[in-house]
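Since the structure comes first, as structure tokens, the remarks are kept for the end.
4 protein chains.
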Amino acid sequence: MDHDLEHLAARVRDFADRRDWGQFHSPRNLVLALVGEVGELAAEVQWLTDDEVVAALTKAESRSRIEDELADVLIYLTRLADQCDIDLVAAAHAKVNRNEERYPESKAKGVATKYTDI
Amino acid sequence: MDHDLEHLAARVRDFADRRDWGQFHSPRNLVLALVGEVGELAAEVQWLTDDEVVAALTKAESRSRIEDELADVLIYLTRLADQCDIDLVAAAHAKVNRNEERYPESKAKGVATKYTDI
Amino acid sequence: MDHDLEHLAARVRDFADRRDWGQFHSPRNLVLALVGEVGELAAEVQWLTDDEVVAALTKAESRSRIEDELADVLIYLTRLADQCDIDLVAAAHAKVNRNEERYPESKAKGVATKYTDI
Amino acid sequence: MDHDLEHLAARVRDFADRRDWGQFHSPRNLVLALVGEVGELAAEVQWLTDDEVVAALTKAESRSRIEDELADVLIYLTRLADQCDIDLVAAAHAKVNRNEERYPESKAKGVATKYTDI
């Protein structure tokens, strides 16, 4: 199984190019589309308890809906980064590097406090 | 450069484990955190024209802020999928497969109409 | 026409009470529901130019869809504030008071800069 | 105390006019701004349990932050509706009217099922 995000980005780019959709895919439009997909994801879990989410993930139909919403978020996020010529995975690793400094284990262990407050 | 999303997921998991943050990372909490990051991304472009976004991407400081927001979205999305034991990239490819059927090039070319309406 | 938001809040509360929905309406659940509705609103305008939004507002069908999404956002926002026992309109006026100080006309005129940067 | 939303809308319009901010307040820009504020609201409750939200609402500082975020959401929502020339409260009452039909008490009582599924 291939988990390379650049391969997904290239595939999504090709998908859009063949449909001449580049004209719709400005960064702002894609942010709005991303918001729409995150909204659908939120709607999947809005009335569920944490236990009910766990249960939903064990049933084929509800699991598949959640997978689908996560997929849509990733697709638009990948497309957005690609249209901005940003290397998404590299940016994420750079951010985790920074978080390693912001949240030293000794101070951050077991607390959900923002780095500006620890 | 490594663009494998499973490697990022493993790194984020390790980061959280060493801080004992699994207790905070229920799917619902992570959806809310994702919403927070998407909100910061939206705030970056809320008052800009499309041309101003392009210009912002050419300046180191504003480009770096946008990279950072995209990174945060990807980190939480990756963590959310990991906590749900969902293969995010596989789910995205499966969705693109479906979109290939929903949006045949002949009908979808140059139009932003939803598949339910074409 | 009655534009009192407390009357709307009371009506929505009664609507929920008669259906025994208070059990679902925790603040966190309502934030997620609000996110879902904001996502639907974003989806309405995601592929449109500013001019096309103006045009959409002149056509009965698309105008009605936008009205509907705005209504859903207000309904959940009102319900959320009510469940938190927060006076939403008073809070908004208090915030505008603060913004009057943060954004003096002489400095804020014609610029979209955040108060922390002016 | 005045809870009339049209009065708030008029005040926000005047606030924006005096700063010449109408140029920034296209519907799409305001949707993005709304998303930013909803993101801040989500961030307030992302790591809290339902009980911790209730506790946060009893402490002056955290209550005030939540009031502030709700206020920001209402301010942008009001401004957005005003720029679209939409009567927000009337639209909400019309939607509740529709929901009365979609969710008859006999069928909706105690269940969080969407009207399309009941």
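Note that the protein sequences, when read in sequence, are chains A, B, C and D.
Residues in the first sequence are numbered consecutively from 1, following this note's numbering.
Residues in the second sequence are numbered consecutively from 1001, following this note's numbering.
Residues in the third sequence are numbered consecutively from 2001, following this note's numbering.
Residues in the fourth sequence are numbered consecutively from 3001, following this note's numbering.
No residue lacks a Cβ here, since even glycine has one placed at the ideal position from N, Cα and C.
The model shown is predicted, which means the values in this text are computed figures rather than measured ones.
When beta bridges are read from the DSSP output, D/ASP3004 appears opposite C/ASP2004. Each of A/SER62, A/LEU74, A/ARG102, A/ASN97 was checked against the Cα of A/LEU34, and the nearest Cα belongs to A/LEU74. With distances taken between CA atoms, D/LYS3095 lies nearest to C/ILE2066 out of C/ILE2066, C/GLN2046, C/HIS2025. Where C/LYS2109 is concerned, there is no enclosing alpha helix (DSSP H), because DSSP gives it neither an H nor an E. Among the residues facing chain B, D/ALA3043 is included, as its CB has a counterpart in that chain under 8 Å away. If you draw a straight line from the Cα of B/ASP1085 to the Cα of A/ASP72, it is about 17 Å long. Rounded to the nearest whole angstrom, the CA to CA distance from D/ALA3043 to D/ALA3091 is 29 Å. Inclusion of A/ALA108 and B/ARG1019 in the CB contact set at 8 Å is warranted, their separation being smaller than that value. For C/TYR2076, the enclosing alpha helix (DSSP H) has its first and last residue at 2060-2083. Distance from the CA atom of A/THR116 to the CA atom of D/GLU3040, rounded to whole angstroms, is 16 Å. Residue environment for D/GLN3023: exposed (fewer than 16 other C-beta atoms within 10 angstroms of its C-beta).
Around the beta carbon of D/GLU3105, fewer than 16 other beta carbons sit within 10 angstroms, so the residue counts as exposed. Among the residues facing chain B, D/GLY3022 is not included, as its CB has no counterpart in that chain under 8 Å away.
Leaving aside the five residues that flank C/ARG2102 on each side, the residues in its chain whose CB is nearer than 8 Å to its CB run, in chain order, TYR2115. The alpha-carbon separation between D/HIS3093 and C/SER2064 amounts to approximately 14 Å. C/ASP2068 is the residue among C/LEU2057, C/ASP2082, C/LEU2080, C/ASP2068 whose C-alpha sits nearest the C-alpha of D/ASN3099. In the three-state reduction of the DSSP assignment, B/GLN1023 falls in the helix class, which pools H, G and I. Within chain B, no residue has its beta carbon less than 8 Å from that of A/ILE118; the closest one is some 11 Å off. With a cutoff of 8 Å on beta-carbon distance, A/LEU32 and A/THR78 are scored as not near each other. For D/ASN3029, the nearest beta carbon of chain B is closer than 8 Å to its own beta carbon.
Within the same chain, and ignoring the five residues on either side of C/ALA2016 in sequence, the residues whose Cβ sits closer than 8 Å to its Cβ are GLY2022, HIS2025, ARG2079.
Secondary structure at B/THR1116: helix, using DSSP grouped into helix, strand and coil. Between C/LEU2030 and C/GLN2083, the gap from beta carbon to beta carbon is short of 8 Å.
Our two residues, C/ASP2002 and D/ALA3056, have alpha carbons roughly 33 Å apart in a direct line. Here D/GLY3036 is buried. Its C-beta has 16 or more other C-beta atoms within 10 Å.
Chain D has no Cβ within less than 8 Å of the Cβ of A/ALA56. Residue burial is scored here from C-beta neighbours: B/ALA1060 has fewer than 16 other C-beta atoms within 10 angstroms and is therefore classed as exposed. Of all residues in the stretch 2056-2079 of chain C, only LEU2057, ILE2066, GLU2067, ASP2068, LEU2070, ALA2071, ASP2072, VAL2073, LEU2074, ILE2075, LEU2077 come within less than 7 Å of chain D when Cβ atoms are compared, listed by chain position.
Leaving aside the five residues that flank A/VAL89 on each side, the residues in its chain whose CB is nearer than 6 Å to its CB run, in chain order, LEU5. When C-beta distances to chain C are compared with 7 Å, the residues of the stretch 1084-1117 of chain B below that value are ALA1112, in chain order. In the three-state reduction of the DSSP assignment, C/LEU2030 falls in the helix class, which pools H, G and I. The Cβ neighbour count for C/ASP2087, taken over all protein chains shown within 10 Å, is at least 16; the residue is labelled buried.
Not flagged as an interface residue toward chain A: C/VAL2012, since no C-beta distance is shorter than 8 Å.
In its chain, beyond the 5 residues on either side, LEU3080, GLN3083, CYS3084 have a beta carbon closer than 7 Å to the beta carbon of D/PRO3027.
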